[in-house]
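Peer 1:
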Amino acid sequence: MAIQRTTSHDSSAEKQYATHIEGEAVVDEYLPLFPLLVNKSLEERQKIEKKLKRKLDWVFLPVVTLMLLMGYLDRINVANARLAGMQDDLHMSDTMWSAGISLFYVGYIITQLPATVYLAKGLPRWQMPAYVIAWSVVTACMAAMSSGWSFLVCRFMVGVAEGPFLPMVSLMTSSWYTKEEAPLRMAIWHAGNIASNIFSGLLAAGILENMNGLAGIVGLFVAVMGFWCIPNFPHNTGTYFMTPEMAEMAQYRMVVSAGGRSEDDEGGAWEGVKLACKDPFTWIFTVLHFGLIVALSFKDFFPSIVKTLGYSNLMTYLIQAPPYIFAYLATCVISWSSGRHMEHCWHIIGSTVACIIGVVIMISTLNAGARYFGMFLLCAGPFVGLNIHIPWETTNVARPRTKRGALVAITNCIASVSHWFTPYFFVGLSPSAPQIPTYQPSFAPKNLAIRMVAF
1 MAIQRTTSHD SSAEKQYATH IEGEAVVDEY LPLFPLLVNK SLEERQKIEK
51 KLKRKLDWVF LPVVTLMLLM GYLDRINVAN ARLAGMQDDL HMSDTMWSAG
101 ISLFYVGYII TQLPATVYLA KGLPRWQMPA YVIAWSVVTA CMAAMSSGWS
151 FLVCRFMVGV AEGPFLPMVS LMTSSWYTKE EAPLRMAIWH AGNIASNIFS
201 GLLAAGILEN MNGLAGIVGL FVAVMGFWCI PNFPHNTGTY FMTPEMAEMA
251 QYRMVVSAGG RSEDDEGGAW EGVKLACKDP FTWIFTVLHF GLIVALSFKD
301 FFPSIVKTLG YSNLMTYLIQ APPYIFAYLA TCVISWSSGR HMEHCWHIIG
351 STVACIIGVV IMISTLNAGA RYFGMFLLCA GPFVGLNIHI PWETTNVARP
401 RTKRGALVAI TNCIASVSHW FTPYFFVGLS PSAPQIPTYQ PSFAPKNLAI
451 RMVAF
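Each residue of the sequence shown is one higher than the last, beginning at 1 in UniProt numbering.
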């Protein structure tokens with residue numbers, strides 16, 4: 001039985017699986033495929049599954065979250081460095097600075113699809129830490145920059161290394177967790193994006209000026225951890241990470257969650273790309289993903305936006321953290337609700353409506369308190385929507401693995417093209433010469449994009 005869409009029949013299979021996990025019923029039709037599980041009692045299988053989930057939740061999940069945190073922290077530190085004077089130190093114009101932000105995403109885009117498709121047939125244990133090492137080395141070298149051109153080159157190279165990592169983590173999460181479990185887990189590691197904004201502001205307020213190159217060194221340490229803490233896929237992970245019984249349980253869970261279809265891929269690596277390109281769901285999700293990424297375009301300039309409230313640099317660093325803390329909590333809670341009820345559409349619509357309200361508040365009043373409240377909604381809405389959108393992609397196009405990986409890479413790749421032009425929305429928003437406090441020209445395109453997603 002091959003299920004590739006979220007149908008009522010598929011939902012029934014998921015409910016059967018959830019019931020199986022609770023011990024109220026037994027789904028036996030797939031057990032003969034797994035010789036290490038077939039003769040075990042329900043209680044024994046439940047114990048194996050609990051051990052498996054604990055291993056994933058307490059070893060794999062924290063490490064990939066730290067890896068993503070280091071990548072996102074690098075991006076946000078660049079925004080804070082601008083506020084601290086890096087743009088002036090490197091003698092860069094506003095346009096050249098925005099070009100550096102855009103060049104990061106040029107490199108980010110060109111490596112996503114081939115690297116993710118290759119990963120679907122490869123060994124994540126070795127490939128994922130290798131990318132973290134690559135971007136950490138370049139990040140450490142940024143401490144030696146002496147000109148605007150060196151900034152452009154470094155940002156491009158960091159983008160090349162970071163590009164494949166988010167699709168890779170999405171693919172890995174959907175390969176180890178069931179459809180019900182995935183949204184919350186994706187919220188946890190995707191919250192590394194949000195957490196980086198929290199920590200970067202606090203670090204910038206106190207010690208960032210004395211930490212040149214340290215982020216890259218910490219990234220190298222986290223990457224080395226990955227060689228021991230990241231598994232391969234359930235069918236080919238070694239005993240270094242889990243027992244053979246746990247590996248079979250992982251495969252069994254995914255077969256049941258997918259309605260009986262195996263994770264095994266048919267055809268070569270690029271066959272999945274062809275399947276993804278022919279699937280209309282790929283392009284529907286691409287449009288939604290594009291709108292959400294445009295809605296998030298503010299984050300590379302958020303310190304400068306907060307600065308327009310009129311506070312000192314130190315206070316600006318500090319007060320940018322609470323909106324992201326709120327976004328983190330909202331992302332985890334709403335993603336849990338989405339997974340619990342196996343519903344994505346209305347959860348995304350609700351978050352986009354909140355974002356629209358936040359933007360309207362920010363562009364229609366000069367009251368600092370009201371605008372700061374609008375920033376809470378501005379931050380939470382797109383992050384929540386994007387985090388629910390990613391597991392929706394992997395739920396609707398679940399098999400084969402190369403197709404799922406290609407779909408995630410294609411949607412993220414095309415959506416990231418928006419980063420080539422969205423920095424220019426904020427060209428006039430520099431620390432020395434901000435736009436008028438409501439910055440209506442910058443937020444008009446963002447508001448249009450988020451309305452498109454809600455529609």
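Idealized CB from N, CA, C, for every residue including glycine.
Since the model is a prediction, treat every value here as computed from it, not as a measurement.
Comparing C-alpha positions only, which one of G100, I194, V160 sits nearest to S150?
Peer 2: Checked all of G100, I194, V160; the closest Cα to S150 is G100.
Peer 1: Under DSSP, the alpha helix (DSSP H) around I334 begins and ends at which residues?
Peer 2: Residues 321-341.
Peer 1: Can you give me the C-alpha to C-alpha distance between W228 and K50, rounded to a whole angstrom?
Peer 2: Whole-angstrom Cα-Cα distance: 21 Å.
Peer 1: Checking 9 Å against the spacing of the C-beta atoms, do I388 and I325 come in under that value?
Peer 2: Their beta carbons are not under 9 Å apart, which means I388 does not touch I325 by this criterion.
Peer 1: Using 8 Å as the threshold, is the stretch 269-283 in touch with the stretch 362-373, meaning 3 or more CB pairs across them?
Peer 2: Counting Cβ pairs under 8 Å, fewer than three are found: no touch.
Peer 1: Got a sec, what are the start and stop residues for the alpha helix (DSSP H) E248 sits in?
Peer 2: Its alpha helix (DSSP H) spans residues 244-257.
Peer 1: In angstroms, rounded to a whole number, what distance separates the CA positions of G23 and Q46?
Peer 2: Confidence is the limiting factor: at G23 the pLDDT is only 41, short of 50, which leaves the residue's position unreliable, though a coordinate-based value still follows. Near 8 Å, if we compare the C-alpha coordinates of Q46 and G23.
Peer 1: With three or more beta-carbon pairs closer than 8 Å as the criterion, would you say the stretch 378-396 touches the stretch 112-122?
Peer 2: Verdict: no, contact absent.
Peer 1: Where does Y372 fall in DSSP's three states?
Peer 2: Here Y372 sits in helix by DSSP.
Peer 1: Using 10 angstroms around the beta-carbon of residue 459, count the other beta-carbons present and answer buried if the total reaches 16, otherwise exposed.
Peer 2: The question about residue 459 has no answer, for the chain in this structure spans 1 to 455.
Peer 1: Could you round the C-beta distance between K179 and S257 to whole angstroms and report it? I think they count as a contact, below 8 Å.
Peer 2: Going by Cβ atoms, the distance from K179 to S257 rounds to 5 Å, so yes, they are a contact pair.
Peer 1: Given this structure, state the Cα-to-Cα distance separating R253 from Y177, to the nearest angstrom.
Peer 2: So the two alpha carbons sit approximately 8 Å from each other.
Peer 1: Using a Cβ-Cβ cut-off of 8 Å (strictly less than) and excluding sequence neighbours within five positions of T331, which residues of its own chain qualify?
Peer 2: Excluding sequence neighbours, T331 sits near A187, H190, A191, I194, A380, F383, V384, N387.
Peer 1: By how many angstroms is the C-alpha of P231 removed from the C-alpha of G238?
Peer 2: G238 and P231: Cα-Cα distance of roughly 8 Å.
Peer 1: So what's G310 in DSSP terms, helix, strand or just coil?
Peer 2: Coil, per DSSP.
Peer 1: Under the three-state reduction of DSSP, which class applies to D279: helix, strand or coil?
Peer 2: Three-state DSSP puts D279 in coil, outside helix and strand.
Peer 1: If you run the structure through DSSP and keep just helix, strand and coil, what is S8?
Peer 2: Caution applies to S8, whose pLDDT of 42 falls short of 50 and renders its modelled position unreliable; the model cannot decide the point.
Peer 1: Could you tell me how far apart the beta carbons of L37 and M249 are, in whole angstroms, since I believe they sit closer than 8 Å?
Peer 2: Contact holds; Cβ gap of about 6 Å.
Peer 1: Hey, could you find the ends of the alpha helix (DSSP H) S416 is sitting in?
Peer 2: First-last of the alpha helix (DSSP H) with S416: 401-416.
Peer 1: Since M128 and M157 are thought to touch, with beta carbons under 8 Å apart, how far apart are those beta carbons, to the nearest angstrom?
Peer 2: Contact doesn't hold; Cβ gap of about 18 Å is too wide.
Peer 1: Are the Cβ atoms of I109 and S416 separated by less than 9 Å?
Peer 2: Result yes, Cβ atoms of I109 and S416 sit closer than 9 Å.
Peer 1: When we look at the beta-carbon of H419 and count the other beta-carbons within 10 Å, is it buried (16 or more) or exposed?
Peer 2: Burial call: buried.
Peer 1: Leaving out five residues before and five after I390 in sequence, what residues of the same chain have Cβ atoms less than 6 Å from its Cβ?
Peer 2: The residues are S170, M186.
Peer 1: Is any non-hydrogen atom of the ligand NAP found closer than 8 Å to the C-beta of A415, if you look at the structure I gave you?
Peer 2: By its list of ligands, the structure shown contains no ligand whatsoever, and the ligand NAP lies outside what it can speak to.
Peer 1: Taking buried to mean at least 16 other C-beta atoms within 10 Å of its own C-beta, is F221 buried or exposed?
Peer 2: Looking at its Cβ environment, which holds fewer than 16 other Cβ atoms inside 10 Å, F221 is exposed.
Peer 1: Taking the straight line between their C-alpha atoms, what separation do you get for P234 and S337?
Peer 2: Cα to Cα, P234 sits roughly 27 Å from S337.
Peer 1: Could you check the C-alpha separation between H9 and I305 for me, to the nearest Å?
Peer 2: With a pLDDT of 42 at H9, under the threshold of 50, the modelled position of that residue is not reliable, and no figure is offered here.
Peer 1: When we look at the beta-carbon of H344 and count the other beta-carbons within 10 Å, is it buried (16 or more) or exposed?
Peer 2: Buried, because 16 or more other Cβ atoms sit within 10 Å of the Cβ of H344.
Peer 1: Leaving out five residues on either side along the sequence, give the residues of the same chain with a beta carbon under 7 Å from the beta carbon of Y372.
Peer 2: L309.
Peer 1: Is L171 helix, strand or coil when you go by DSSP?
Peer 2: Residue state, collapsed to three classes: helix.
Peer 1: Who are the Cβ neighbours of A406 in its own chain at under 6 Å, not counting the five residues just before and after it?
Peer 2: For A406, where only same-chain residues beyond five positions count, the Cβ hits under 6 Å are V117, G272, V273, A276.
Peer 1: Could you tell me which uninterrupted alpha helix (DSSP H) segments, each at least 4 residues in length, are contained entirely in the stretch 41-105, listed from first to last along the chain?
Peer 2: For the stretch 41-105, whole alpha helix (DSSP H) runs of length 4 or above, ordered along the chain, are 42-55, 61-84, 86-89.
Peer 1: What does the alpha-carbon distance come out to for the pair S297 and F421?
Peer 2: Their Cα atoms are separated by approximately 10 Å.
Peer 1: Compare the beta carbon distance of M86 and V78 with 9 Å and say whether it is the shorter of the two.
Peer 2: It is a contact, given that the beta carbons lie within the stated cut-off.
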